[in-house]
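Undergrad: Same order as they appear, the protein sequences are chains V and X. According to my numbering, the first sequence is numbered sequentially starting from 1. According to my numbering, the second sequence is numbered sequentially starting from 1001. No residue lacks a Cβ here, since even glycine has one placed at the ideal position from N, Cα and C. Note that the coordinates shown come from a computational prediction; the quantities given were computed from them, not determined experimentally. My questions all concern the structure below.
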Amino acid sequence: MPYKTRSAIGKIFLLCWFLTAILVAPKESFYCGSAYSQEDWRKEFDEICSKTENAMEFSVEELRSLVNRCDALKSRVEKLDEPQRKITLRRLQMCRDLYAFAFEMKEKK
Amino acid sequence: MLKKTFLVGVLVLGIAGVSLAQTGVKKKRPLPFEYGRVILNSYSEEARLSPVVFDHWLHRAKFTCRVCHVDLTFAMKTGTTTIKASDNMKGYYCGTCHNGKMIFQGVKIFESCSKKFLPEDVKRCDRCHSLGKNVKREYDFAKFSERFPKERFGNGIDWEKSEAAGFINPVDFLEGVSIPRKPLSTQKDFALSPKLESMPEIIFSHKKHTVWNGCELCHPEIFMGVKKGATKYSMVEIFEGRYCGVCHSTVAFPLLDCQRCHTKPVQQ
Chain V
1 MPYKTRSAIG
11 KIFLLCWFLT
21 AILVAPKESF
31 YCGSAYSQED
41 WRKEFDEICS
51 KTENAMEFSV
61 EELRSLVNRC
71 DALKSRVEKL
81 DEPQRKITLR
91 RLQMCRDLYA
101 FAFEMKEKK
Chain X
1001 MLKKTFLVGV
1011 LVLGIAGVSL
1021 AQTGVKKKRP
1031 LPFEYGRVIL
1041 NSYSEEARLS
1051 PVVFDHWLHR
1061 AKFTCRVCHV
1071 DLTFAMKTGT
1081 TTIKASDNMK
1091 GYYCGTCHNG
1101 KMIFQGVKIF
1111 ESCSKKFLPE
1121 DVKRCDRCHS
1131 LGKNVKREYD
1141 FAKFSERFPK
1151 ERFGNGIDWE
1161 KSEAAGFINP
1171 VDFLEGVSIP
1181 RKPLSTQKDF
1191 ALSPKLESMP
1201 EIIFSHKKHT
1211 VWNGCELCHP
1221 EIFMGVKKGA
1231 TKYSMVEIFE
1241 GRYCGVCHST
1251 VAFPLLDCQR
1261 CHTKPVQQ
């Protein structure tokens, strides 16, 4: 095979490899190197845990719903790879515990 | 002569024994730059590295407690987070900021752990893995804190006043990591009655505590009850590192500073 043809094949191969790498690469790698992903579970996680500052202002029903949402999300988070799994579970547990705690306080009243 | 020496020896040992038996070995009070120091050694020695020396004073001047202890999930008890170098390399724990890319207050934050390193990178490893080594710190405590309002104990710094005066401005949000939260509705300060009648009442400020901590850092893990008087706290338990003692015997102003909590004058 002539040198020019080999060189052209090599270039095409490199280009294909580069395009595949872009398509296959995980989305989060483009976020300034942040390991904290932007996947679906993260949206739900943000939505649930963004309300912790107002936990004592929610009704018993609202708190029960938040605790249930935490429990539902837990099963999804458990499927993540380490250490994201461990870290997110811990964060989720802190939110859940706070809501459960506020729930118990309100129910006792 | 020999008998006399023997008797003196027995007497000295006896006195020392009795005094130690009554009071134990006196714990050395940390120096201002040592207060809040944490030694992390979950895997360091296993990896033939010195344990990590973490100084709270530098980090707490730049970030709120919540950023690290809630958002990055560093546990409140030393050694329970079990951080691996690979976790840092993947951008978690220390590696969230210490990734060699993040620029904070105009300074690029050095990378914490990396798979590949050159011999000259040993100095970088030593910046954290420094226990037992004579490592020159990049930040000098005395110089760093010289303008800060002073306090008697702990780091010798009044952190609250330092923030109020604008000497520090701890960041409460890390883009891509922290969750945007609504501002906390201000809760009123409340008084807690001490067990000893002669002690001034404790005025607890939720506002002062939540500004750096948020809610979930304390409730329910550290404080189970919110109903006033429902939980009885004893100073013995607090000195053992429970309740207020979780922070106020380690990082926040120490328990020796009685008047910082027991502030309300006794009613005659």
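Which residue from Val60(V), Glu82(V), Pro83(V) puts its Cα closest to that of Phe101(V)?
TA: Val60(V)
Undergrad: Whole-angstrom Cβ separation of Leu1217(X) and Arg1066(X), contact assumed at under 8 Å?
TA: 6 Å
Undergrad: Quick check: the Cα distance between Lys1090(X) and Arg91(V), rounded to an integer number of angstroms?
TA: 18 Å
Undergrad: If the cut is a Cβ gap below 7 Å, which residues of chain A does Asp1087(X) touch?
TA: Absent here is chain A; the protein component of the structure consists of chains V and X.
Undergrad: Flag this pair as yes or no: are the beta carbons of His1129(X) and Leu1049(X) separated by less than 8 Å?
TA: Yes.
Undergrad: By DSSP, does Glu1120(X) sit in helix, in strand, or in coil?
TA: helix
Undergrad: What distance in whole Å lies between the Cβ atoms of Ser1162(X) and Pro1149(X), which are believed to be in contact at a cut-off of 8 Å?
TA: About 6 Å separates the two Cβ atoms, so the contact holds.
Undergrad: Give a yes or no on whether the minimum CB-CB distance between Val60(V) and chain X is below 8 Å.
TA: So, not an interface residue.
Undergrad: Between which two residues does the alpha helix (DSSP H) harbouring Phe1173(X) extend?
TA: No alpha helix (DSSP H) contains Phe1173(X), which DSSP labels as neither H nor E.
Undergrad: In three-state terms, what does DSSP make of Thr1186(X)?
TA: coil
Undergrad: Give me the Cα-Cα distance between Val1236(X) and Lys1077(X), rounded to the nearest whole angstrom.
TA: 19 Å
Undergrad: Under 8 Å, CB to CB, which of the residues in the stretch 1117-1133 of chain X have a partner in chain V?
TA: none
Undergrad: Could you check which residue in Glu62(V), Val77(V), Phe58(V) has the C-alpha nearest to that of Arg42(V)?
TA: Val77(V)
Undergrad: When burial is assigned at 16 or more other CB atoms within 10 Å of the CB, is Pro26(V) buried or exposed?
TA: Residue placement at Pro26(V) is poorly supported in this model, since its pLDDT is 45, which falls under 50; the coordinates still yield a value, given next. The residue is exposed, with fewer than 16 neighbouring Cβ atoms inside 10 Å.
Undergrad: According to DSSP, which residues form a beta bridge with Val1052(X)?
TA: Leu1040(X)
Undergrad: In the DSSP assignment, what are the bridge partners of Lys1150(X)?
TA: Ile1157(X)
Undergrad: Determine the direct distance from the alpha carbon of Lys1123(X) to that of Val1052(X), and round the result to whole angstroms.
TA: 13 Å
Undergrad: To the nearest angstrom, how far is the alpha carbon of Cys1247(X) from that of His1056(X)?
TA: 11 Å
Undergrad: Report the rounded CA-to-CA distance for Glu1160(X) versus Ile1109(X), giving the unit in angstroms.
TA: 26 Å
Undergrad: Excluding the 5 residues preceding and the 5 following Phe1063(X) in the sequence, name in chain order all residues of the same chain whose CB lies nearer than 6 Å to its CB.
TA: Counting only Cβ-Cβ distances below 6 Å, and skipping sequence neighbours, we find Pro1170, Val1171.
Undergrad: Please report how far the alpha carbon of Phe1006(X) lies from the alpha carbon of Gly1225(X), in whole angstroms.
TA: Whole-angstrom Cα-Cα distance: 59 Å.
Undergrad: Tell me, to the nearest whole angstrom, how far the beta carbon of Tyr1092(X) is from that of Ile87(V); I am working on the premise that it is less than 8 Å.
TA: 6 Å
Undergrad: Note down the Cα distance separating Phe1074(X) from Asp71(V), rounded to an integer number of angstroms.
TA: 22 Å
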